[in-house]
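Undergrad: Each residue of the sequence shown is one higher than the last, beginning at 1 in full-length UniProt numbering. Have a look at the structure that comes next, please.
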Amino acid sequence: MTRELAALGLSLCLLATPADHARADDLPVRKAGLWEVKMVRTGSPLPEMTMQHCTDETIDKEMNNMVSPMAKQICSKQDIQKTATGFATDSVCSVAGVSIASHSDIVGDFNSAYTVTTTSHSDLGNKGAPRDTVTKIEAKWLGACKPDQKPGDIVMPGGGFKLNVKDAAKLQNLLPGAKP
């Protein structure tokens, strides 16, 4: 469970972290409504995953602002640049004895669909051999959130587990070195 939590925290940091020369307010926000987010990883034992995220402008901005302090604690490098097609990010983060260097290309319009392609190199320290992975996130807007959903709700595969990203802020305190 701890390894999955660390991976989730790092994934959030690597994909949504504002850097020193790009503020969270400068990053695009997704169109309000229900987004399907599909994650496919190569070079990783983690399976493909498709989840749904109900969001609005406020939640997207809060997510960027929430991730930024966590990233400052665990990332020695976090750069984001505007490109002709979207954004490019470069990060070096470490948590639970695992160091991950990554590069992401983010393209799309954030109104109907976007794609994040991340190449990363993980140094697992004494926990195993280094690993290179490619993660592709394909997100598409599905329409309005379902009646039983509120902005921030993430429904995991199988529909049985739902978490609101505002509750995820509490998980930050579980990371090693986090200050209560």
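Glycine included, every Cβ here is placed at the ideal spot set by N, Cα and C. Please read all numbers here as calculations on a predicted model, not as lab measurements.
(1) Hey, Ile-80 and Pro-151 are a contact pair by Cβ (cut 8 Å); roughly how many whole angstroms apart?
(2) Tell me whether Asp-132 is buried or exposed, calling it buried when 16 or more other Cβ atoms sit within 10 Å of its Cβ.
(3) Whole angstroms are fine: how far does the CA of Gly-108 sit from the CA of Pro-147?
(4) Based on Cα-Cα distance, which residue from Thr-83, Gly-97, Phe-161 and Ala-96 lies nearest to Ile-106?
(5) Do Ala-144 and Gly-33 have their CB atoms nearer than 8 Å?
(6) With a threshold of 16 other CB atoms inside 10 Å of the CB of Asp-167, please say whether the residue is buried or exposed.
(7) Distance, Cα to Cα, Thr-115 vs Trp-35?
(8) Provide the residue span of the beta strand (DSSP E) that contains Lys-143, from first to last.
(9) Considering only DSSP beta bridges, list what Phe-110 is partnered with.
(10) Taking Ala-32 as part of the beta strand (DSSP E), name the residues at either end of that continuous run.
TA: According to the structure shown:
(1) No, Ile-80 and Pro-151 are not in contact; Cβ-Cβ is about 24 Å, not under 8 Å.
(2) exposed
(3) 27 Å
(4) Thr-83
(5) yes
(6) exposed
(7) 12 Å
(8) The amino acid at residue 143 is misidentified as Lys; the sequence shows Gly. Here the beta strand (DSSP E) through Gly-143 covers 131 to 143.
(9) Bridge partners of Phe-110: none, in fact.
(10) No beta strand (DSSP E) holds Ala-32; DSSP gives it neither H nor E.
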